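Numbering (the working numbering), first residue to last: 268 to 336.
The structure appears below as structure tokens.
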């Protein structure tokens, strides 16, 4: 996934960049390989009803039928 921090103009899309910038704030960074620099969808799954926190660039999302805003 991409990550853009406050004050940055461009998002980071490499796990090593994210780890270097946030290494004292994160317990784990999972490197899923290279991803494009496009907005990603962020879903909160911390309770029984998942909800979209940020809608990514994809219009028809494969999870739409499972998620309710």
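Glycine included, every Cβ here is placed at the ideal spot set by N, Cα and C.
All figures in this text were calculated on a predicted structure; none of them were measured in a lab.
Asked	Found
Taking only the alpha-carbon atoms, compute the straight-line gap between residue 321 and residue 310 and give it to the nearest angstrom.	7 Å
Rounding to the nearest angstrom, what Cα-Cα distance links residue 312 and residue 299 in this structure?	19 Å
Between the Cα of residue 280 and the Cα atoms of 315, 318, 297 and 317, which residue gives the shortest distance?	297
If we ignore side chains and look at the alpha-carbon of each, how far apart do residue 406 and residue 301 end up?	The displayed coordinates of the chain run from 268 to 336. Any statement about residue 406 would go beyond what the structure contains.
Could you tell me which residues DSSP pairs with residue 310 in its beta bridges?	319
Out of curiosity, what's the CA-to-CA distance linking residue 278 and residue 272?	7 Å
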